[in-house]
Amino acid sequence: MIFAAAQLNPTVGALAMNAAAIAHAAKGARVGSARLLITPELSLCGYPPLDLLQHSGFVEDCYTQLQTLADKEARDGLAILAGFPDREITPTGRRLYNSVALLDEGRIVATVRKQLLPNYDVFNEKRYFTPGGKSAPLVLDGRKLGVHICEDGWNDDQFWQERLYDSDPVAELAASGAEMLINISASPWAVGRDIFRTQMFQHSCRRYRLPGVLLNQVGGNDDLIFDGSSVVIGHDGEIQEEFAQFERDARVFELLDGHERSSTDTIHEYHLSETGKLKKALELGLADYVTKCGFKDVVVGLSGGIDSAVVVAIAASALGAENVRAIGMPSGFSSKESVEDAKTLCRNLGVRLDLLPINGIFDGYLTALQPLFKGKPFDVAEENLQARIRGMLLMAVSNKFGTLVLATGNKSELAVGYSTLYGDMCGGLEVIGDVLKTNVYELAREYNANGEIIPRSTIEKPPSAELRPNQLDTDSLPPYDVLDPILHAYIEQRLSKRQIIEQGYEPALVTRILNMVDRAEYKRRQAPPVLRVTTRAFGAGRLMPLAQRYTHP
Numbered sequence: 000m001i002f003a004a005a006q007l008n009p010t011v012g013a014l015a016m017n018a019a020a021i022a023h024a025a026k027g028a029r030v031g032s033a034r035l036l037i038t039p040e041l042s043l044c045g046y047p048p049l050d051l052l053q054h055s056g057f058v059e060d061c062y063t064q065l066q067t068l069a070d071k072e073a074r075d076g077l078a079i080l081a082g083f084p085d086r087e088i089t090p091t092g093r094r095l096y097n098s099v100a101l102l103d104e105g106r107i108v109a110t111v112r113k114q115l116l117p118n119y120d121v122f123n124e125k126r127y128f129t130p131g132g133k134s135a136p137l138v139l140d141g142r143k144l145g146v147h148i149c150e151d152g153w154n155d156d157q158f159w160q161e162r163l164y165d166s167d168p169v170a171e172l173a174a175s176g177a178e179m180l181i182n183i184s185a186s187p188w189a190v191g192r193d194i195f196r197t198q199m200f201q202h203s204c205r206r207y208r209l210p211g212v213l214l215n216q217v218g219g220n221d222d223l224i225f226d227g228s229s230v231v232i233g234h235d236g237e238i239q240e241e242f243a244q245f246e247r248d249a250r251v252f253e254l255l256d257g258h259e260r261s262s263t264d265t266i267h268e269y270h271l272s273e274t275g276k277l278k279k280a281l282e283l284g285l286a287d288y289v290t291k292c293g294f295k296d297v298v299v300g301l302s303g304g305i306d307s308a309v310v311v312a313i314a315a316s317a318l319g320a321e322n323v324r325a326i327g328m329p330s331g332f333s334s335k336e337s338v339e340d341a342k343t344l345c346r347n348l349g350v351r352l353d354l355l356p357i358n359g360i361f362d363g364y365l366t367a368l369q370p371l372f373k374g375k376p377f378d379v380a381e382e383n384l385q386a387r388i389r390g391m392l393l394m395a396v397s398n399k400f401g402t403l404v405l406a407t408g409n410k411s412e413l414a415v416g417y418s419t420l421y422g423d424m425c426g427g428l429e430v431i432g433d434v435l436k437t438n439v440y441e442l443a444r445e446y447n448a449n450g451e452i453i454p455r456s457t458i459e460k461p462p463s464a465e466l467r468p469n470q471l472d473t474d475s476l477p478p479y480d481v482l483d484p485i486l487h488a489y490i491e492q493r494l495s496k497r498q499i500i501e502q503g504y505e506p507a508l509v510t511r512i513l514n515m516v517d518r519a520e521y522k523r524r525q526a527p528p529v530l531r532v533t534t535r536a537f538g539a540g541r542l543m544p545l546a547q548r549y550t551h552p
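Next up, the structure:
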């Protein structure tokens, strides 16, 4: 049997547009003489639809689009697997399922319902969906297809030391005589997740001696970035076909009698470094956030420091330099070198740079506050005032020109609160808010891999907020090569203070950093959305109380 698989980039809620993308993929499938077109999880409505699922009419509109798709496209020998939210009215209420429909001969032939509903990290599917019943293969032309949805393939008792669920849908499918495995997914990317996901599916194919297709959504939806990275796996667990990473892609291939081959007899390989993947992920996440939210242009406050330089480089690559405006807002504490670095960066990228010195505005605020501040020394109030002036100017430009402000804070700063509410934290998206400072430097070097884009002096100079004379980040924080591993251990690995200290760190330092992270929660609650690139980003995947008094023993 010849299959087609379309690695789509849906827009959440754009039902007609998503259906049109499936219809376009169907045309390509017909050209390749495919019998079945496979599309990702919830491909009709986009993933994750969140509380749209609770909105009156949304589920019904999805079903209408599904019927139209079946009538117009699932004909002339082409069947389609399309993901959709499936509602069932019962005597006890209206149940909703995360489902995939098999469309053939102009109608909905069968459905498969997701059994294992993730309820951790950024996933909250139990809020919306009811678990489906025991898995059974779909039958098409006498072939038994082991169709299952994303998490249903994540519970193998040989692959996992600790399982989250009692049942294993893949084992059920294999026991029911499935002849191949088809996993349709909307599995977001995080560093290392693509490799892990593929290895897990390879294990399932190898264990049950079944060929398989793992088809993943691609694109950015809100803070989540989906990498695609779909694969076709042989019954021996070997990769037969690799789809593009962080790009739309579609393939036609044949699976027959245990022998797997592409229609082109070519294995396409996509192997990027982890930093290369991070770069691609952030660019995709930013590009889709901007376009799917209806923006075209972005504006960035460019200080000449490493963080804002990397954000401008990401934006220029993702959106085109002509759609990026940088604004330098030097004060009396900004070094001439930083201003020159900002100019050089924009010249290298072809990005427009406007300079708006803030000395006069800052002096005006100090004059207005003088009756209240009289006799008080210069401190964090005056430092944060400069950041808030810059935030105000950026938002004014945003309002006047309809551009999206990109915040430039990194994960290290957000973690310990080394940022200013309504200042450098203002904006519509925090692009590198899930990237530790040490990884920001790696990104800068990645952008310079084929020639200097980000000035070397920006990368080599000691980091500084430049809000007071001779200021350095290390005046307030440990060196980032010390700070970041502790933050990684606490936030992403969720280790206790004792466990972190056992790694060789000074107890007083660990206590101080953990307290800083906990105290800064109120700031993060007011931050823009953060593009998620790790397994524990600030936002929906890490929900901590604000009013709490837990102390780390």
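Every letter in the sequence shown is one number past the one before it in numbering that gives the first Met the number 0, and letter 520, counting from 1, is 519.
We put the beta carbon where it would ideally sit given N, CA and C, even for glycine.
- By alpha-carbon distance to ASN409, the top candidate from ALA286, ALA464, PRO544 and SER32 is ALA464.
- Collapsing the DSSP output to three states places ALA109 in a strand.
- Assignment of beta-bridge partners to HIS147 by DSSP yields ASN182.
- Along the region 457 to 544, the alpha helix (DSSP H) occurs as fully enclosed runs of 4 or more residues at 479 to 486, 496 to 500, 506 to 518 and 520 to 524, listed in sequence order.
- Here the C-alpha atom of CYS345 lies approximately 43 Å from the C-alpha atom of GLU124.
- Between the region 62 to 71 and the region 97 to 108 there are three or more inter-stretch CB-CB distances shorter than 8 Å, so the stretches are counted as touching.
- In the DSSP assignment, ALA312 falls outside any beta strand (DSSP E) and lies within the alpha helix (DSSP H) extending over 305 to 318.
- Between the alpha carbons of ARG324 and GLN157 lies a gap of roughly 52 Å.
- Of the residues assessed, SER475 falls on the exposed side of the cut-off, its CB having fewer than 16 other CB atoms within 10 angstroms.
- When DSSP reads this structure, GLN369 sits in no beta bridge, so it has no partner.
- Across the structure, ARG86 and VAL58 are spaced so that their CA atoms are roughly 7 Å apart.
- Three or more pairs of CB atoms, one per stretch, sit closer than 8 Å, so the region 226 to 233 contacts the region 200 to 215.
- Apart from the 5 residues on each side of it in sequence, GLU282 sits with its Cβ closer than 7 Å to the Cβ of ILE313, SER316 and ALA317 in its chain, given in chain order.
- Taken atom to atom, the span from the alpha-carbon of TYR46 to that of HIS54 is near 15 Å.
- Minimum Cα-Cα distance from SER134 among the listed residues GLY145, PRO461 and LEU413 corresponds to GLY145.
- Between ALA414 and LEU428, the C-beta spacing is not below 8 Å.
- Collapsing the DSSP output to three states places ARG455 in a helix.
- Secondary structure at PHE225: strand, using DSSP grouped into helix, strand and coil.
- Excluding sequence positions up to five before and after VAL434, its CB lies within less than 6 Å of the CB of ASN409 and LYS410, all in the same chain and listed in chain order.
- Under the 8 Å Cβ criterion, the region 381 to 390 counts as touching the region 457 to 472, having at least three qualifying pairs.
- Here the region 442 to 453 makes contact with the region 299 to 312; the two share three or more CB pairs at distances below 8 Å.
- Among the bridge pairs identified by DSSP, GLN244 is matched with GLY227.
- Per DSSP, the continuous alpha helix (DSSP H) segment holding TYR62 begins and ends at 57 to 72.
- Relative to the Cα of LYS113, the nearest Cα in the group GLY503, PHE83, GLU178 and GLY92 belongs to PHE83.
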